[in-house]
Amino acid sequence: MKQIYIVSGLPRSGTSMLMQILDAGGLPVASDAKRKPDRSNPKGYLEVESIIDKLRDNPDYVFNFEDRVLKVIAYGLQSLPPGNYKLIYVDRNIEEILDSMKEMMRAKDEEREDTKKAFIKLNNKTKADIKVREDMQVLFVNYNEILSSPKKHLEEIHCFLEERNLDLEKMIEVVDEKLYRQRRER
Amino acid sequence: MEKEFTDVSIPTSLYKKIEQKIKGSGITSVSSYVAKVLRESLLKEEETQEALTKEDEEKVKKRLKALGYID
Chain A
240 MKQIYIVSGL
250 PRSGTSMLMQ
260 ILDAGGLPVA
270 SDAKRKPDRS
280 NPKGYLEVES
290 IIDKLRDNPD
300 YVFNFEDRVL
310 KVIAYGLQSL
320 PPGNYKLIYV
330 DRNIEEILDS
340 MKEMMRAKDE
350 EREDTKKAFI
360 KLNNKTKADI
370 KVREDMQVLF
380 VNYNEILSSP
390 KKHLEEIHCF
400 LEERNLDLEK
410 MIEVVDEKLY
420 RQRRER
Chain B
106 MEKEFTDVSI
116 PTSLYKKIEQ
126 KIKGSGITSV
136 SSYVAKVLRE
146 SLLKEEETQE
156 ALTKEDEEKV
166 KKRLKALGYI
176 D
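Next comes the structure, spelled out in structure tokens:
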């Protein structure tokens, strides 16, 4: 069974940036380019439209993406059938995630605290679930740490995907401090 | 400005054991290994927190819809 590479994390946790990094490094990306770059993701989303719904309706859909990297945000991972996965899971400061969601929705977030609690629980549950899956090798990375020290953390990713012999220098070039608009003191 | 990295002391004998353990593993230094183990340990603590309820899941789905991730 061929390997399928997955990038995951909560929405707005830096999954698109990670896809861009892997794309630049030379890993083929699964993207239908239907979602165009916008203010929230000026460099593009690099994703397959409605992938969560598609996997929920037909989990085997994932096998269309063998040998490529597919973005599946945390909530969708529960639909992945047994396979051969290498998964990079991105964490980010939860307040930054909520700020970024609010900006993307362009609406007032009336239920911020409740939403925060729900997403923290989802994040914890997802990480616990993927750690015990025997068909999945997992690397946990942190968006904030990648931005503050790209070389060190992208070397970890490069090493995790060593069989792909990615171009580390090109991966590092992608990390663009300008995207880091919502830095908060942690 | 806060330093990005700081030193933590561990016994030299433990350091040497880790050095042996990581040889050929792809982990590039003892510091990386120690940071990895500590991160995993912290994650484990987080995981013992509250479970995701149906109500939480509805909140998550509502937000994912608003963001365009699900239909």
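Chains as they are written, first to last, in this note's numbering: chain A, 240 to 425; chain B, 106 to 176. Don't be surprised by glycine CBs; every beta carbon is placed ideally from N, CA and C. Remember, predicted model here, so these are calculated numbers, not experimental data.
Residue-chain proximity (residue i, chain B), Cβ-Cβ < 8 Å
| i | result |
| --- | --- |
| A/L361 | yes |
| A/V311 | no |
| A/M340 | yes |
| A/I411 | no |
| A/T292 | Position check: residue 292 of chain A holds Asp in this sequence, whereas Thr was assumed. For A/D292, the answer is yes, since a Cβ of chain B falls inside 8 Å of its Cβ. |
| A/D406 | no |
| A/K366 | yes |
Presumed contact (8 Å Cβ cut-off) between residue i and residue j, rounded CB distance
| i | j | result |
| --- | --- | --- |
| A/L378 | A/F399 | 4 Å |
| A/S270 | A/Y328 | Not quite, the Cβ-Cβ distance comes to about 19 Å (not below 8 Å), so this is no contact. |
| A/L393 | A/I260 | 7 Å |
| A/L285 | A/S255 | 6 Å |
| A/G322 | A/M240 | 6 Å |
Residue-chain proximity (residue i, chain A), Cβ-Cβ < 8 Å
| i | result |
| --- | --- |
| B/Y174 | yes |
| B/G124 | Before going on, a small fix: residue 124 of chain B reads as Glu here, not Gly. With 8 Å as the cut-off, B/E124 does not count as an interface residue toward chain A. |
| B/K108 | no |
Cross-chain neighbours of residue i in chain A, by beta carbon under 8 Å
| i | result |
| --- | --- |
| B/D161 | K356, A357, K360 and L361 |
Neighbour list for residue i in chain B, Cβ cutoff strictly below 7 Å
| i | result |
| --- | --- |
| A/E401 | G131 |
| A/P250 | L169, L172 and Y174 |
Within chain B, the residues that residue i reaches when beta carbons sit closer than 8 Å
| i | result |
| --- | --- |
| A/M344 | A171 and L172 |
| A/E394 | T133 |
| A/S318 | The contacting residues do not exist; A/S318 stays about 11 Å from chain B at best. |
| A/D353 | K164 |
Interface partners of residue i on chain B, CB under 9 Å
| i | result |
| --- | --- |
| A/P314 | The question names Pro, but residue 314 of chain A in the sequence shown is Tyr. Residues of chain B passing the Cβ test: E162, V165, K166, L169, Y174 and I175. |
| A/S255 | Those do not exist, as A/S255 stays about 12 Å from chain B at its closest Cβ, beyond 9 Å. |
Residues of the segment 370-388 of chain A in Cβ contact with chain B at a cutoff of 7 Å, in chain order, please. F379, S387 and S388
Worksheet item: Touching or not, the segment 275-283 of chain A and the segment 313-328 of chain A, by the rule of three or more beta carbon pairs under 8 Å?
Response: Judged by pairs of C-beta atoms under 8 Å, the segment 275-283 of chain A does not touch the segment 313-328 of chain A, as fewer than three such pairs exist.
### Query
Does the count of Cβ pairs from the segment 254-268 of chain A and the segment 407-415 of chain A closer than 8 Å reach three?
yes
Requested in this report: Give, in chain order, every residue of the segment 133-148 of chain B whose Cβ lies closer than 9 Å to some Cβ of chain A.
Outcome: T133, S137, K141, R144, E145 and L148
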